[in-house]
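For reference, the structure discussed in these notes is given below.
Protein chains: 2
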Amino acid sequence: MTSSAGLLKREDGKKTGKGEQTRAQILETALDLFRERGYEETTMRAIAESAGVSVGNAYYYFKSKEHLIQAFYARTHEEHLAASREVLLRERGLRERLLGVMRAKLDTIAPYRQFSGVLFKTAADPASPLNPFSVESQPVRQQSTDLFAEVITGGDTRLTPDLVAALPNLLWVYHMGIILYWIHDNSPGCAKSYRMMERSVRLVLRLISLFQFPLLRPFLKELLVLVTELRVDEMPVPLPPPGVE
Amino acid sequence: MTSSAGLLKREDGKKTGKGEQTRAQILETALDLFRERGYEETTMRAIAESAGVSVGNAYYYFKSKEHLIQAFYARTHEEHLAASREVLLRERGLRERLLGVMRAKLDTIAPYRQFSGVLFKTAADPASPLNPFSVESQPVRQQSTDLFAEVITGGDTRLTPDLVAALPNLLWVYHMGIILYWIHDNSPGCAKSYRMMERSVRLVLRLISLFQFPLLRPFLKELLVLVTELRVDEMPVPLPPPGVE
DNA sequence: TCCTCTATTTGAACGCGTTCAAATAGAGCG
DNA sequence: CGCTCTATTTGAACGCGTTCAAATAGAGGA
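If you read the sequences in order, they're chains A and B.
Sequence positions in the first sequence follow the working numbering and run 1 to 245.
Sequence positions in the second sequence follow the working numbering and run 1 to 245.
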């Protein structure tokens, strides 16, 4: 751990780097196979064989098959962030910004639609690290809500502080809903999802402008309380193993 | 036609009835074990052994371990309907009715909280028959939305037709959201969930009365379009490979 | 009574995800 | 060079959900 040496060290000085190569090899192979044959149909043995390693070795780098999904999710998440930044630099109108970010989301995950179902399934498990509310995904979730915060604050539309406070989380939930719809959408090119997304964005924007009226302040206050309580950071994390209740 | 011993032929002349007994035995045993040890920890072999049958026999009656969850779900669903009917007979105020139905829901599933997570996980899988949007669960879903329809139409509060049309589905989604929160709620007695439920019910009611204003008619129209499109009946169902049951 | 046909029941076997004790590789050091 | 320590790699083995060919039970007909 101290210092130096050999052909393999990272400037980071942590691991030898050889492992990182193997790790990447396994992940690439896995994602390829997932996309080709689907998640359930791809066995760990097949992944290992295609990657030219042993099964045990795959498990040395990924604690479980699920953790491969997590890696996939992290990747598309990054892609979406990048695509969104582009949109947010270009567009100033709230409508264009939200629409662009949402469209970017669907575009990003499009190639993986069929096995995104599995991701959603796993994510729904409270015990899974993939769960959006788990500690492990806290950073990703944070980045997502930050993104929505940027959508509403970086544009040319001024909103009341209440809304600015509540909207990022609400929009995050909203975008999850759209993805849920998308996962079940078998229309060619997921056309229905895109249409649904556009319509709902319009509705969301109208709701936003509606709640700008000072008259509706009490609603916002109440909403804010709920959203605050929804904040997952304050939710105790389900601890798994011992004991029955 | 019917043999004198009685229990060997159904009126509909389909099955012998002996099987029904075995089926019930397996289901009861399974649910007991699930509640005691949890879902993942309960093996099909253990269920079969405890029920005094072979593994293969368990699979003769339940196509998969998942289908045991489905049976459980059907049961608590019935319980909730019963409890709700009681509430709806007693209460006339919209607030009391919605609150009562929601509370009944949480009360009904309370004993199974820890393994309800699994149910949710499975339900999130688009390919699962347990999925709320699947054909298999269409009847249950229908009954649920009918229940919410009864909540709003059977009380002493008159609502605009638009709202009456849109609300059942919206309330169904809302109640799913509460359950999602509940699943992640580790507070003693799920107190946070109950509080969240009460607060959100209050908010929902205020929103309902808000959208009674004729001024907000366009919103309702737009919402109605979305909700109609959300109707899962119109969503093409991902068909499972072989035959039906 | 015996035969037939269907409903039910069995348990071995399969393929999967996962684990683990043990083998190997390679760097630093003498 | 050999020694040591750690990172990496292996493949057999385990327990699981699930399948299936074959055995059994039981009712109705001859």
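Backbone N, C-alpha and C fix where the C-beta goes; we use that ideal spot for every residue, glycine too.
As the structure is a prediction and not an experimental result, all values here were calculated from the model.
Non-local beta-carbon contacts of L216(A) in its own chain, meaning distances under 8 Å to residues more than five positions away in sequence, involve L210 in chain order. Against chain A, the beta carbon of G117(B) has neighbours under 8 Å at D125, P126, A127, P238, listed in chain order. Counting only the Cα atoms, N169(A) lies some 7 Å from V227(A). DSSP, read as helix, strand or coil, puts E40(B) in coil.
In its chain, beyond the 5 residues on either side, M44 have a beta carbon closer than 7 Å to the beta carbon of K65(B). Look at E136(A): its C-beta is not under 8 Å from any C-beta on chain B.
Within its own chain, the residues whose Cβ lies closer than 8 Å to the Cβ of G93(A), once the five positions on either side in sequence are excluded, are G155, D156, T157, listed in chain order. Here F133(A) is buried: its Cβ has 16 or more other Cβ atoms, across all protein chains shown, within 10 Å. Of all residues in the stretch 153 to 182 of chain A, only V173, G177, L180, Y181 place a beta-carbon less than 9 Å from a beta-carbon of chain B. For the stretch 195 to 215 of chain A, the set of positions with a beta-carbon nearer than 9 Å to some beta-carbon of chain B reads R195, M196, R199, S200, R202, L203, R206, L207, L210 in chain order. When DSSP states are grouped into helix, strand and coil, R92(A) belongs to the coil group.
Taking 4 residues as the shortest admissible run, the stretch 49 to 101 of chain B contains the following complete alpha helix (DSSP H) segments, listed from N- to C-terminal end: 55 to 61, 65 to 90. Chain A has a Cβ within less than 8 Å of the Cβ of H184(B).
One finds R199, R202, L203, R206 in chain B with Cβ atoms closer than 8 Å to the Cβ of E222(A), taken in chain order. Against K121(A), the close residues of chain B are K121, T122, A123, A124, D125, P126, A127, S128, in the order they occur along the chain (beta-carbon pairs closer than 9 Å). L106(B) places its beta carbon 8 Å or farther from that of W172(B). Secondary structure at A24(A): helix, using DSSP grouped into helix, strand and coil.
The stretch 89 to 103 of chain B and the stretch 135 to 151 of chain B touch, with three or more beta-carbon pairs separated by less than 8 Å. If you keep only unbroken alpha helix (DSSP H) runs of at least 4 residues inside the stretch 151 to 194 of chain A, you get 161 to 184.
In the same chain as Q143(A), and ignoring 5 residues on each side of it, the C-beta atoms closer than 8 Å to its own belong to H77, L81, in chain order. One Cα belongs to V53(A), the other to A46(A), and the distance between them is close to 10 Å.
Among the CB atoms of chain A, one or more fall inside 8 Å of the CB of V225(B). One thing to note: M196(B) has its Cβ within 8 Å of the Cβ of E229(A). Collapsing the DSSP output to three states places P214(A) in a helix.
Check the Cα spacing between G189(B) and each of E91(B), R113(B), F72(B), R97(B): the tightest is with R113(B). Between the C-alpha atoms of E40(B) and V164(A) there is a straight-line separation of about 42 Å.
With 16 or more other Cβ atoms from the protein chains shown falling within 10 Å of its own Cβ, G117(B) counts as buried.
Shown here is that no member of the stretch 46 to 67 of chain A has a Cβ falling below 7 Å from a Cβ of chain B. If you compare the alpha carbons of T122(B), V225(B), I179(B), R35(B) with that of L167(B), the shortest gap goes to V225(B).
The closest CA to that of F120(B), considering only E96(A), I208(A), A124(A), is found on A124(A). Taking a contact as a CB-CB distance under 8 Å, the pair I26(B) and A58(B) counts as one, their CB atoms being some 5 Å apart.
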